[in-house]
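Here's the structure, in structure tokens; my notes come after.
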Amino acid sequence: MAPREAARLLAQTQADARRSLDFRAPWVSLVAAVVALAGFGIVWLNVRNQHPFTGPSPASLVFFYGLIALRIASVIYAYARARAGISGHSVKVQRNEAAAMGAALVVWYVVLIAIAGSAHRSAGFYWSLGLNGTLIALAAIWAGRSAIHKNWQDVALAVAVALIAAVGAIAGPRGMWLVNGAGLCVLLLTTGAIGKWQRRGPRIHTARTGA
Amino acid sequence: MTAEALDPLIHVPARLQIMATLATLPDGDELSFKRLQDMLELTAGNLITHLRKLEEAGYLETSKTGSGPASRTSVALTRDGRHALDTYATTLRGLLNGV
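See below:
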């Protein structure tokens with residue numbers, strides 16, 4: 155094997171392996187973008203003419219959370235597929251992080267429901283806190299975790315999510331659904347396009363006879 | 164510097180691919196034999212032969228869990244293996260720059 159051929163084989167094999175083991179495939183970002191646009195969009199259509207704001211209808215919330223569940227399912231499927239056969243330290247760490255994040259979200263929603271139950275403020279305040287507050291908190295945790303792992307691309311993505319949620323909070327209880335939906339959709343499509351660009355390059359197919 | 168400076172144990176297409184694939188995993192992680200076979204599209208017999216040679220050199224280690232049909236063999240690069248691949252890549256770059 156000539157050195158140039160060996161260098162090509164080394165580079166392509168590593169690129170193929172990274173592509174195969176990475177669960178963040180472009181289609182996962184595409185599903186997330188559609189979920190964001192459709193989920194937030196349907197709630198926005200439901201609340202945009204409410205004066206005063208009373209909150210989304212149960213039907214639009216069922217649709218919204220149904221799409222969120224679809225998003226979670228798509229991530230779990232992509233993760234299970236890409237990480238099949240891998241075991242060891244990083245897998246345990248990722249599982250613990252996911253469990254901690256899930257538990258924190260449950261606790262946050264319980265606290266939120268308790269706060270809303272006391273009902274000292276308008277419905278718009280609680281919805282803004284529940285939506286934009288959750289997004290900003292998740293983005294902050296994600297940015298911190300990514301910074302620890304020196305994954306600066308994910309740090310930038312998390313900061314962008316937090317900024318969109320902050321603009322959503324400024325937009326008010328009706329406009330925040332549109333701002334978050336459109337903003338996250340554009341961000342996720344951009345992320346998917348960058349991921350596709352990073353995954354480009356010829357695939358290598360080895361002969362079954364090996365060496 | 165000539166191509167003979169390259170580690171002959173790694174400088175075989177199938178073994179280079181095995182090493183390169185395992186090197187993409189973080190330290191402390193291992194890959195199942197079945198997944199590695201699927202990724203490299205090698206026959207089981209061929210893969211076992213190459214893994215054995217790399218294991219004998221101390222470049223990788225295999226571990227087996229369970230027994231019978233439910234048993235699972237996993238493969239991981241050792242510290243020496245990662246170092247050997249780094250040295251191989253550095254030598255390769257040197258050769259190409261000298262061409």
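Protein chains in written order, with this note's numbering: chain A, 155 to 365; chain B, 164 to 262. C-beta: ideal position from N, C-alpha, C; glycine also.
Could you check what DSSP says for residue i in three-state terms: helix, strand or coil?
i        : result
A:Gly239 : coil
B:Arg256 : helix
A:Ala361 : Confidence at A:Ala361 is low in this model, with a pLDDT of 38, below 50, so its placement is unreliable and the value that follows should be read with caution. Three-state result, A:Ala361: coil.
B:Thr212 : helix
A:Lys304 : coil
B:Ala220 : coil
A:Ala156 : coil
A:Arg178 : coil
B:Val238 : strand
B:Glu204 : coil
B:Leu188 : coil
B:Thr225 : strand
B:Leu194 : strand
Report yes if the CB atom of residue i is closer than 8 Å to the CB atom of residue j, and no otherwise.
i        : j        : result
B:Ala183 : A:Ala171 : yes
B:Val238 : B:Leu194 : yes
A:Arg173 : B:Leu259 : no
A:Ile131 : A:Gly337 : The shown model of chain A, from 155 to 365, leaves out residue 131 of chain A, and the question about it has no answer.
B:Leu255 : A:Ala161 : yes
A:Val229 : A:Val182 : yes
A:Gly278 : A:Pro212 : no
B:Gly196 : B:Thr165 : Here residue 196 of chain B is Phe; the residue named in the question, Gly, does not match the sequence. For B:Phe196 and B:Thr165, no; Cβs fall outside 8 Å.
A:His243 : B:Gly191 : yes
A:Ile269 : A:Tyr280 : yes
A:Ala186 : A:Leu342 : yes
Is it buried or exposed for residue i, if we count other Cβ within 10 angstroms and need 16 for buried?
i        : result
A:Val260 : exposed
A:Ala156 : exposed
B:Thr228 : exposed
B:Ile181 : buried
A:Thr167 : buried
A:Ser137 : Because chain A spans 155 through 365 in this model, residue 137 of chain A falls outside it and cannot be assessed.
A:Asn203 : exposed
A:Tyr219 : exposed
Once the 5 residues before and after residue i are set aside, which same chain residues still bring their CB inside 6 Å of it?
i        : result
B:Leu210 : Gln200
A:Leu191 : Gly335, Cys339
A:Tyr233 : Phe177
A:Leu164 : none
A:Ala320 : none
A:Val333 : Val321, Gly322, Ala325
A:Gly346 : Pro180, Ser183, Leu184
A:Thr208 : Ala277
Excluding the 5 residues flanking residue i on each side, which residues of the same chain have their C-beta closer than 7 Å to its C-beta?
i        : result
B:Arg245 : Ala186
B:Ala247 : Asp170, Ile173, Tyr222
A:Trp331 : Phe194, Val197, Trp198, Val201
A:Ala294 : Ala316
B:Met202 : Thr184
A:Arg353 : Arg173
Say whether chain E places a C-beta atom closer than 8 Å to the C-beta of residue i.
i        : result
B:Thr184 : Looking at the structure shown, chain E is missing, and the protein chains on hand are A and B.
Which same chain residues end up closer than 8 Å to residue i when comparing Cβ atoms and leaving out the 5 residues on each side of it in sequence?
i        : result
B:Arg178 : Leu172, His213, Lys216, Leu217
A:Leu175 : Ala236, Arg237, Ile240
A:Gly349 : Arg178, Ala179, Pro180, Ser183
A:Val313 : Ala293, Ala297
B:Leu188 : Leu194, Ala239, Leu240
B:Asp249 : none
A:Ile222 : Val189, Gly193
Closer than 9 Å, Cβ to any Cβ of chain B: which residues of the stretch 228 to 245 of chain A, in chain order?
Ala238, Gly239, Ile240, Ser241, Gly242, His243, Ser244, Val245
Got a sec: which bits of the stretch 164 to 175 of chain B sit with their beta carbon under 8 Å from any beta carbon on chain A, in order along the chain?
Ala166, Leu169, His174, Val175
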